[in-house]
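I have placed the structure first, in the form of structure tokens, so that the comments after it can refer back to it.
Residue numbers (this note's numbering), protein chains in the order written: chain A, 58 to 435; chain B, 10 to 553.
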């Protein structure tokens, strides 16, 4: 089983804080890998908010080909963090080369483009690099989006933290999603490691998705660039979140209605029943059966947690409004490790109807039930 | 009987017949029940002469003969009266003194069932015991990677959607703009397929309707039943129970004058309209109700004269192209009910199914596609059509579902699969396999007759006389002396029984797969089969 830990903070914090929390929850995961999403970046990227950052792992040849490719496309490097570990990797982790996060200036021709089109082109560039890397084996690309860094590697999270020196200030971030296990349900592959990311939407998931194949087929037939890959059955949760919020324009509170709609009896009492019934029918192929706990982050920095319909996975949210730090954790011990001085009576464990949301201002945990009215769809 | 029987090319002996009557003189009481019940008069009361030679010991006395007679059962050997193996004789015999026995090496009749140049016609379905669906296994069992669900404890939503479902984008746009949305019904995924009033006896029909009404109103299971092409009793058309009925229109339009005229008086809309273009049991052939069964009641409901055979043409005669056949007819039928009722075509599985489907994807009024495989049943057809025409359902359904996935319309057009589901009694397993291959729901007919009313027909060429109105159980007969054997109340009870059992079994399949909140339509990763070619063709796992 995976263990998940997410931090959202007013001020940038070290990713090691999340990794330490994962380590506390080690009894619940096998320590086979680590995946990190970093958003709301501090450090050198603080002033480069509009510049897409390419995250990935490259060999020497891969780096050269990356530079050639990006230059050919008209991208110019604005700032690059390239980290090649000097020490030997821990047992079980291969020596791969350079872990890079490179911020680019987009080609001048993109200036006139609408945001949607710019987004599509960034996804297209990432997919092209990934496809090339899969052929040559010299690059892996996890994200290419403004204010976003993703790191994935095989190995124990704490050892990886030390090996990759993840406590560096240039990696400090306000939004951190951390996950402590390689996907072992299918073939081991770094692309199968959570969190997953598309156009500003990142999620990670605990549990197995039994409805994976029909959902994957449905997403792949939506005609959206980037709905591909699917080395992990959890990647569909990211794409459903993207589909719901970006493509359909729904509020994140509707996400739970897409993946785990209300039963008819519950819906009958709901003020938005007509809308919800339409949503349930038209998004029927996106219904999950769990068992899953999903933690995600949206482009505006909103973080959320939802559970499957039967609430078969653990999950807790809590934090400290005074210091502006909140965390979403698989287990309370992880939360205790990361934010020991919070008011524990305010901790919230979302149940089968709930969505827990912490806005980018990090002031409070907003609890939404599926029984509540949906304000934005009226 | 003549002492010297003429032996002609068409002379058959009992040994030439597939079903041979085994009769026990010692236990027979000559009560005559067997000969009275036999639907095809295959047996008759016989007077047999017997000669006994008495040869005393020694050389003095000469041997002598005595002649006696005894009474018993004689099996007729004229092909027109060949035993059909229904075993009603055995069922009514007080002493179990008689039974038909199948002789698989007795095949002569198969070469002589075309007397007078008339090819054999019959009811039933393809006489083949093979069932691909029975070989499919459910292999993705949740255990440790995720907890399996509990079929008895967790909430299950087993309903499916019948009707054109809009894409999420269009649905939200309609919601915003208050636009027209195609009608969609939430129904139980096991539908009683089209068996007409006429093909079935009034008692059978009444029993099915009562069973369906009970399932809906007392047990909350939204089960639907299709009328088949034979109209609908006027009182049902004007009752609130019409909402449980799918009205079928086919190329003969039987009964549609009555239906159209009843529209202003309908209290409820029907569940849906099924336009039948083809039937799995006899693709390319129209419906057929033979004259034996067209009595006064049937004639009145269908709007035809009494005592004439009622063949529906193989195609809808008023149309000449796929666009006309499908698009215009769907639109016309939709318009008749003010676009409030889903309308979908039913075709026989065929290598042309994809062409029909592609047409439907572009038709915003098409509410689904029913595909009937080669193992579907029928009340009457030529033997050659039933045994040799048609396409298996599994690969045809799978191709159609995958085509929908490519078009992105897999949630928009429900596929309804039929033909051979529960052929060997494995109703839930077969239905679950088809759902996971891509069907939104399945249709059954033969199983309903077998489980609901004790139909004795089988794929071993047993009985299969639905076409001539002599059904020994009264299921497909229009003769009140025969169909009074069938109590509608008891049929209704059996329908409820098998639906409840099916529901439990379906949960027992889906729960271990970790699915309960929506039907696992297209969840093909959960299926496996021990045949590499089939696995490749259906895109499921090869397991041995």
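Positions of the beta carbon are idealized from the N, C-alpha and C atoms, including for glycine.
key: Endpoints, alpha helix (DSSP H) assigned at residue 80/B   = First-last for residue 80/B: 73–84, but that is the beta strand (DSSP E), not the alpha helix (DSSP H).
key: Residues of its chain near residue 146/A, where Cβ-Cβ distance is below 7 Å and the 5 sequence neighbours each way are ignored   = Excluding its 5 nearest sequence neighbours in each direction, residue 146/A has C-beta neighbours in its own chain below 7 Å: 152, 220, listed in chain order.
request  = Could you round the C-beta distance between residue 216/B and residue 497/B to whole angstroms and report it? I think they count as a contact, below 8 Å.
outcome  = With a Cβ gap of about 4 Å, residue 216/B and residue 497/B count as contacting.
query = residue 99/B to residue 145/B, Cα distance in whole Å?
reply = Across the structure, residue 99/B and residue 145/B are spaced so that their CA atoms are roughly 36 Å apart.
task = Taking only the alpha-carbon atoms, compute the straight-line gap between residue 96/A and residue 355/B and give it to the nearest angstrom.
result = Approximately 53 Å between the Cα atoms of the pair.
key: Contact between the segment 338–353 of chain A and the segment 268–275 of chain A (3+ Cβ pairs under 8 Å)   = With a cut-off of 8 Å, the segment 268–275 of chain A and the segment 338–353 of chain A count as touching, because enough Cβ pairs lie within range.
ask   = Name the chain B residues that come within less than 8 Å of residue 320/A, Cβ to Cβ?
value = Residue 320/A reaches chain B at 164, 166, counting residues in chain order whose Cβ is nearer than 8 Å.
key: Contacts that residue 274/A makes with chain B (C-beta to C-beta distance below 8 Å)   = The answer, in chain order, is 414, 419, 531.
Spatially closest choice to residue 556/B from 232/B, 444/B, 396/B, by CA coordinates = The shown model of chain B, from 10 to 553, leaves out residue 556/B, and the question about it has no answer.
key: Span separating the alpha-carbon of residue 393/B from that of residue 429/B   = Each residue's Cα considered, the two are about 18 Å apart.
Candidates 227/B, 108/B, 306/B, 93/B: closest to residue 34/B by CA position = The candidate whose alpha carbon is nearest that of residue 34/B is 108/B.
message = Distance cutoff 8 Å, beta carbons only. Does residue 278/A sit that close to anything in chain B?
response = Answer yes: the Cβ-Cβ gap between residue 278/A and chain B drops below 8 Å somewhere.
inquiry  = At the level of alpha carbons, what is the spacing between residue 111/B and residue 29/B?
reply    = Going from the Cα of residue 111/B to the Cα of residue 29/B covers about 6 Å.
Closer than 8 Å to chain B by CB, residue 180/A = Taking Cβ atoms only, chain B never reaches closer than 8 Å to residue 180/A, which makes this a no.
Close Cβ partners of residue 62/A (< 6 Å) along its chain, the five nearest in sequence each way excluded = Within the same chain, residue 62/A has close Cβ partners 75, 78, 79, 235, 386, 391.
key: Beta-carbon proximity check, residue 231/B vs residue 196/B, cutoff 8 Å   = Yes.
Buried/exposed call for residue 185/A, threshold 16 Cβ in 10 Å = So residue 185/A ends up on the exposed side.
message = Between residue 468/B and chain A, is the shortest Cβ-Cβ distance under 8 Å, so that the two count as touching?
response = For residue 468/B, the answer is no, since every Cβ of chain A falls outside 8 Å of its Cβ.
ask   = Is the distance from the Cβ of residue 281/B to the Cβ of residue 351/B below 8 Å?
value = Yes, the pair counts as a contact, with Cβ atoms nearer than the cut-off.
ask   = Within the 8 Å Cβ cut-off, does residue 557/B reach chain A?
value = As shown, chain B starts at 10 and ends at 553. That puts residue 557/B outside it, with no answer to give.
request  = Name the two residues that bound the continuous beta strand (DSSP E) containing residue 122/B.
outcome  = No beta strand (DSSP E) contains residue 122/B, which DSSP labels as neither H nor E.
Cut-off 7 Å between Cβ atoms - residues of its own chain near residue 269/A, not counting five sequence neighbours on either side = 290, 293, listed in sequence order.
query = With a CB to CB cut of under 7 Å and the five nearest residues on each side skipped, what residues in its chain are close to residue 337/A?
reply = For residue 337/A, where only same-chain residues beyond five positions count, the Cβ hits under 7 Å are 318.
Within 8 Å, strictly: CB atoms of residue 174/B and residue 383/B = No, the Cβ-Cβ distance between residue 174/B and residue 383/B is not below 8 Å.
ask   = Taking Cβ-Cβ distances shorter than 8 Å, what residues in chain B pair up with residue 305/A?
value = By Cβ distance, chain B contributes 177, 178, 181.
inquiry  = Please state whether the Cβ-Cβ distance between residue 403/A and residue 375/A is less than 8 Å.
reply    = Yes, the Cβ-Cβ distance between residue 403/A and residue 375/A is below 8 Å.
message = So with CB distances below 7 Å, who are the chain B contacts of residue 342/A?
response = Going along chain B in sequence order, the residues near residue 342/A (Cβ under 7 Å) are 419, 420.
inquiry  = With three or more C-beta pairs closer than 8 Å as the rule, is the segment 407–423 of chain A touching the segment 12–25 of chain B?
reply    = Touching, no, given that fewer than three Cβ pairs across the two stretches are closer than 8 Å.
ask   = With distances taken between CB atoms, is the gap from residue 356/A to residue 230/A smaller than 8 Å?
value = Taking 8 Å as the cut-off, the Cβ atoms of residue 356/A and residue 230/A do not count as close.
task = Just list the beta strand (DSSP E) runs in the segment 318–369 of chain A, keeping only unbroken ones of 3 residues or longer that don't cross its boundaries, in chain order.
result = Entirely contained in the segment 318–369 of chain A, the beta strand (DSSP E) runs reaching 3 residues are, in chain order, 350–354, 360–364.
message = 8 Å is my cut-off, CB to CB: does residue 313/A come that close to chain B?
response = No, because no Cβ of chain B sits closer than 8 Å to the Cβ of residue 313/A.
query = What three-state label does DSSP hand residue 353/B in the structure shown?
reply = It is a strand residue.
task = Taking only the alpha-carbon atoms, compute the straight-line gap between residue 76/B and residue 62/B and give it to the nearest angstrom.
result = Distance between the alpha carbons of residue 76/B and residue 62/B is about 9 Å.
query = Does residue 512/B get closer than 8 Å to chain A when you measure Cβ to Cβ?
reply = Not one chain A Cβ lies under 8 Å of residue 512/B.
inquiry  = Using C-beta distances below 6 Å, list every residue in its chain close to residue 401/B, excluding the 5 sequence neighbours before and after it, in chain order.
reply    = If you ignore the 5 residues before and after residue 401/B, its C-beta comes within less than 6 Å of the C-beta of 382, 383, all in its own chain and listed in chain order.
ask   = In the segment 113–174 of chain A, which residue ranges form an unbroken alpha helix (DSSP H) of at least 4 residues, counting only runs that do not cross its ends?
value = Runs of the alpha helix (DSSP H) inside the segment 113–174 of chain A: 117–130.
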